[in-house]
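Participant:
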Amino acid sequence: IDEAGWEEPVSSALQSLRQALQFNPEHAASAKLLRQLRGHVAAVQQVRSAAGAQDWKLVVDLLDGLLGTLGGPAGLPPKFAARCLAERGRAHMELKSLDAALADIVEASRLDGRLPAAPLLQAR
615 IDEAGWEEPV SSALQSLRQA LQFNPEHAAS AKLLRQLRGH VAAVQQVRSA AGAQDWKLVV
675 DLLDGLLGTL GGPAGLPPKF AARCLAERGR AHMELKSLDA ALADIVEASR LDGRLPAAPL
735 LQAR
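For the sequence shown, this note's numbering assigns the number 615 to the initial residue and increments by one for each residue that follows.
1. What residue from Cys698, Asp713, Gly653 has the CA that sits closest to Ala665's CA?
2. Counting along the chain, where does the alpha helix (DSSP H) carrying Leu712 start and finish?
3. Please identify the residue among Leu725, Gly679, Leu716 whose C-alpha is closest to the C-alpha of Asp693.
4. Who are the near neighbours of Ala696 in its chain, counting only those whose CB is closer than 6 Å to its CB and skipping five residues on each side?
5. If you reduce the DSSP assignment to three classes, tell me which class Leu684 lands in.
6. Quick one: what does DSSP say Pro730 is sitting in, helix, strand or coil?
7. Pop quiz: Gly644 and Ala634 are said to be a contact at Cβ under 8 Å. What is the actual Cβ separation, rounded to whole angstroms?
8. Pull up the distance between the alpha-carbon of Val674 and that of Gln650, whole angstroms please.
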(Lines of atoms letter the chains of each structure in order from A and count residues from 1; the text may use other names and numbers.)
(Lines give C-alpha, C1' and ligand atoms only; values in the text may rest on other atoms or scores of the structure.)
Protein backbone atom coordinates (compact mmCIF):
# COMPACT_ATOMS: atom_id res chain seq x y z
CA ILE A 1 0.00 0.00 0.00
CA ASP A 2 2.68 2.46 1.03
CA GLU A 3 5.35 1.56 -1.52
CA ALA A 4 5.49 2.78 -5.10
CA GLY A 5 6.98 -0.48 -6.42
CA TRP A 6 4.28 -2.83 -5.15
CA GLU A 7 2.82 -3.53 -8.59
CA GLU A 8 5.81 -5.50 -9.91
CA PRO A 9 5.93 -8.25 -7.26
CA VAL A 10 2.14 -8.52 -7.25
CA SER A 11 2.07 -8.84 -11.02
CA SER A 12 4.66 -11.61 -10.78
CA ALA A 13 2.61 -13.42 -8.11
CA LEU A 14 -0.54 -13.17 -10.22
CA GLN A 15 1.33 -14.56 -13.23
CA SER A 16 2.65 -17.49 -11.17
CA LEU A 17 -0.84 -18.32 -9.95
CA ARG A 18 -2.23 -18.16 -13.48
CA GLN A 19 0.48 -20.55 -14.65
CA ALA A 20 -0.23 -22.93 -11.77
CA LEU A 21 -3.90 -22.93 -12.74
CA GLN A 22 -3.02 -23.68 -16.36
CA PHE A 23 -1.30 -26.88 -15.21
CA ASN A 24 -4.12 -27.83 -12.86
CA PRO A 25 -7.32 -25.80 -13.41
CA GLU A 26 -9.06 -27.73 -10.62
CA HIS A 27 -6.57 -26.68 -7.91
CA ALA A 28 -8.97 -24.97 -5.51
CA ALA A 29 -6.33 -23.38 -3.27
CA SER A 30 -4.63 -21.65 -6.22
CA ALA A 31 -7.95 -20.41 -7.58
CA LYS A 32 -8.93 -19.06 -4.16
CA LEU A 33 -5.56 -17.36 -3.70
CA LEU A 34 -5.81 -15.79 -7.17
CA ARG A 35 -9.26 -14.34 -6.32
CA GLN A 36 -7.99 -13.02 -2.97
CA LEU A 37 -4.91 -11.46 -4.53
CA ARG A 38 -6.97 -9.79 -7.26
CA GLY A 39 -9.29 -8.38 -4.59
CA HIS A 40 -6.35 -7.07 -2.57
CA VAL A 41 -4.84 -5.45 -5.67
CA ALA A 42 -8.14 -3.71 -6.49
CA ALA A 43 -8.48 -2.51 -2.88
CA VAL A 44 -4.91 -1.17 -2.81
CA GLN A 45 -5.47 0.68 -6.07
CA GLN A 46 -8.63 2.31 -4.67
CA VAL A 47 -6.89 3.28 -1.42
CA ARG A 48 -3.88 4.73 -3.25
CA SER A 49 -6.18 6.72 -5.53
CA ALA A 50 -8.19 8.09 -2.61
CA ALA A 51 -5.01 8.95 -0.67
CA GLY A 52 -3.60 10.70 -3.73
CA ALA A 53 -6.75 12.79 -3.88
CA GLN A 54 -6.48 13.37 -0.11
CA ASP A 55 -9.95 11.92 0.38
CA TRP A 56 -9.12 10.62 3.87
CA LYS A 57 -12.71 9.67 4.71
CA LEU A 58 -12.80 7.40 1.68
CA VAL A 59 -9.41 5.92 2.63
CA VAL A 60 -10.78 5.07 6.09
CA ASP A 61 -13.99 3.62 4.60
CA LEU A 62 -12.10 1.48 2.07
CA LEU A 63 -9.70 0.16 4.68
CA ASP A 64 -12.55 -0.43 7.14
CA GLY A 65 -14.17 -2.58 4.46
CA LEU A 66 -10.98 -4.46 3.66
CA LEU A 67 -10.05 -5.09 7.28
CA GLY A 68 -13.62 -5.83 8.36
CA THR A 69 -14.73 -8.11 5.54
CA LEU A 70 -11.81 -10.42 5.96
CA GLY A 71 -12.30 -11.02 9.66
CA GLY A 72 -10.28 -8.04 10.77
CA PRO A 73 -6.50 -7.89 10.66
CA ALA A 74 -6.37 -11.56 11.69
CA GLY A 75 -7.90 -12.49 8.31
CA LEU A 76 -5.02 -10.91 6.36
CA PRO A 77 -1.33 -11.72 6.13
CA PRO A 78 0.27 -9.85 9.08
CA LYS A 79 2.50 -7.53 7.04
CA PHE A 80 -0.33 -6.56 4.71
CA ALA A 81 -2.68 -6.02 7.65
CA ALA A 82 -0.03 -3.87 9.36
CA ARG A 83 0.34 -1.68 6.30
CA CYS A 84 -3.44 -1.35 5.97
CA LEU A 85 -3.66 -0.34 9.63
CA ALA A 86 -0.79 2.15 9.28
CA GLU A 87 -2.45 3.74 6.26
CA ARG A 88 -5.80 3.89 8.02
CA GLY A 89 -4.01 5.42 11.03
CA ARG A 90 -2.49 8.05 8.77
CA ALA A 91 -5.91 8.83 7.32
CA HIS A 92 -7.38 9.10 10.83
CA MET A 93 -4.59 11.55 11.69
CA GLU A 94 -5.46 13.68 8.68
CA LEU A 95 -9.09 13.65 9.85
CA LYS A 96 -7.96 14.65 13.38
CA SER A 97 -9.29 11.39 14.88
CA LEU A 98 -6.23 10.95 17.06
CA ASP A 99 -7.50 8.12 19.29
CA ALA A 100 -8.45 6.01 16.26
CA ALA A 101 -5.12 6.86 14.61
CA LEU A 102 -3.13 5.81 17.65
CA ALA A 103 -5.08 2.54 18.00
CA ASP A 104 -4.39 1.62 14.36
CA ILE A 105 -0.73 2.58 14.55
CA VAL A 106 -0.12 0.62 17.76
CA GLU A 107 -1.79 -2.44 16.23
CA ALA A 108 0.26 -2.02 13.04
CA SER A 109 3.46 -1.95 15.11
CA ARG A 110 2.36 -5.05 17.00
CA LEU A 111 1.71 -6.97 13.77
CA ASP A 112 4.93 -5.87 12.06
CA GLY A 113 7.60 -4.46 14.34
CA ARG A 114 9.78 -3.71 11.31
CA LEU A 115 7.20 -1.47 9.66
CA PRO A 116 8.96 1.91 9.41
CA ALA A 117 5.79 3.98 9.00
CA ALA A 118 4.14 2.94 12.26
CA PRO A 119 6.61 4.43 14.79
CA LEU A 120 6.94 7.58 12.71
CA LEU A 121 3.20 8.06 12.64
CA GLN A 122 2.98 7.28 16.33
CA ALA A 123 5.60 9.92 17.14
CA ARG A 124 3.86 12.47 14.96
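Ideal Cβ placement from N, Cα and C applies to all residues, glycine included.
Facilitator: Taking the definition as stated:
1. Translated into positions along the sequence shown, residue 665 becomes position 51. Distance from the Cα of Ala665 is smallest, within the candidate group Cys698, Asp713, Gly653, for Cys698.
2. Residue 712 sits at position 98 when you count from the first residue of the sequence shown. Element bounds for Leu712: 712-725.
3. Within the sequence shown, residue 693 is the residue found at index 79, counting from 1. What sits at residue 693 in the sequence shown is Lys, not Asp. Comparing C-alpha distances from Lys693 to each of Leu725, Gly679, Leu716 shows the shortest one belongs to Leu725.
4. Within the sequence shown, numbered from 1, the residue matching residue 696 stands at position 82. Setting aside the 5 residues that flank it on each side, Ala696 is surrounded in the same chain by Ala722, Leu725, Asp726, Leu729, each with a C-beta closer than 6 Å to its C-beta; the list follows chain order.
5. By one-based count along the sequence shown, residue 684 stands at place 70. Here Leu684 scores only 48 on pLDDT, less than 50, and its place in the model is too uncertain to base an answer on.
6. By one-based count along the sequence shown, residue 730 stands at place 116. Of the three classes helix, strand and coil, the one that applies to Pro730 here is coil, per DSSP.
7. Here residue 644 is taken as the residue at index 30 of the sequence shown, counted from 1. Here residue 634 is taken as the residue at index 20 of the sequence shown, counted from 1. First, the amino acid is wrong: residue 644 is Ser here, not Gly. Their Cβ separation, rounded to whole angstroms, is 5 Å, which keeps Ser644 and Ala634 in contact under 8 Å.
8. For the purposes of this step, residue 674 is taken as the residue at position 60 of the sequence shown. For the purposes of this step, residue 650 is taken as the residue at position 36 of the sequence shown. Here the C-alpha atom of Val674 lies approximately 20 Å from the C-alpha atom of Gln650.
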